[in-house]
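**Q** Residue numbers (the numbering used here): 1022 to 1230.
We treat Cβ as the ideally placed atom computed from N, Cα and C, and that holds for glycine.
Please read these numbers as outputs of a predicted model, since none were measured by experiment.
Take a look at the following structure, please.
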């Protein structure tokens, strides 16, 4: 059977082209993953702290050792952005529910009302496994210091009426690598930004291999 020479050349060309493309994809995308930016002054790391989780356990930086962390600041009585933030945080939680290398840390900005019991009740709304998703309370000084100095995001208490406290806090989720460097900020109220966070966590895991 006579084979059309032109057709054979075209088939060979497309096979070679596909091989080149696949090779490029492997080396540029798989072997060389996206490199996430590092934030803060050179050498900045999230430092030590002492807070309490929803089960009453004392949590320090040692409990986050070798973990990729996603941090946020909120309060349980918030009727503004917090419910939307934590509904979106569930997407991050579900994406890495069975991944022991990731930990979510949610800090209150209203520790006077957000007791351990209150944080526990709130965590149950999201079926949060305390081994995977920590809800942290403590002194206001320590919590606000963590936000401003360690995670590099803004929080403030602008309360005038004690019966109706007003807290200003960032909507951003903060991505921290296992070496405690800050690697990204993502608006927790925007689903597209949360999906980007999920993708960047996967890229960070490749980077840390």
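Between the beta-carbon of residue 1126 and the beta-carbon of residue 1099, is there less than 7 Å?
**A** No, the Cβ-Cβ distance between residue 1126 and residue 1099 is not below 7 Å.
**Q** Kindly list the residues whose CB is nearer than 7 Å to the CB of residue 1217, restricted to its own chain and excluding five residues on each side of it in sequence; keep chain order.
**A** In chain order, 1207 place their CB closer than 7 Å to the CB of residue 1217, counting only its own chain and leaving out the 5 sequence neighbours on each side.
**Q** Is the beta carbon of residue 1130 closer than 7 Å to that of residue 1094?
**A** yes
**Q** Rounded to whole angstroms, what is the Cα-Cα separation between residue 1038 and residue 1201?
**A** Note that residue 1038 has pLDDT 45, beneath the 50 cutoff, so the model's placement of it is unreliable and the number below is only indicative. Distance between the alpha carbons of residue 1038 and residue 1201 is about 42 Å.
**Q** Can you check which of these residues, 1096, 1092, 1184, 1228, is closest to residue 1132 by C-alpha distance?
**A** Scanning 1096, 1092, 1184, 1228 for the CA closest to the CA of residue 1132 turns up 1096.
**Q** Check whether the Cβ of residue 1156 lies closer than 6 Å to any heavy atom of the ligand PLP, and answer yes or no.
**A** Absence of the ligand PLP from the depicted structure is noted, as is the absence of any ligand whatsoever, leaving it without description.
**Q** Give a yes or no on contact between the segment 1164-1177 and the segment 1113-1120, applying the rule of three or more CB pairs nearer than 8 Å.
**A** no
**Q** Within the segment 1093-1158, note down every full alpha helix (DSSP H) run reaching 4 residues or more, in order along the chain.
**A** 1103-1116, 1137-1145
**Q** At the level of alpha carbons, what is the spacing between residue 1101 and residue 1187?
**A** 11 Å
**Q** Rounded C-beta distance between residue 1153 and residue 1124? I'm assuming under 8 Å.
**A** 7 Å
**Q** What is the DSSP secondary structure of residue 1174, counted as helix, strand or coil?
**A** In the structure shown, residue 1174 sits in coil (DSSP, three-state: anything other than H, G, I, E or B).
**Q** Is residue 1197 helix, strand or coil when you go by DSSP?
**A** The answer is strand: DSSP assigns residue 1197 an E or B state.
**Q** Please list the terminal residues of the continuous alpha helix (DSSP H) segment that includes residue 1215.
**A** 1212-1228
**Q** At which residues does the beta strand (DSSP E) containing residue 1207 begin and terminate?
**A** 1203-1208 is the extent of the beta strand (DSSP E) around residue 1207.
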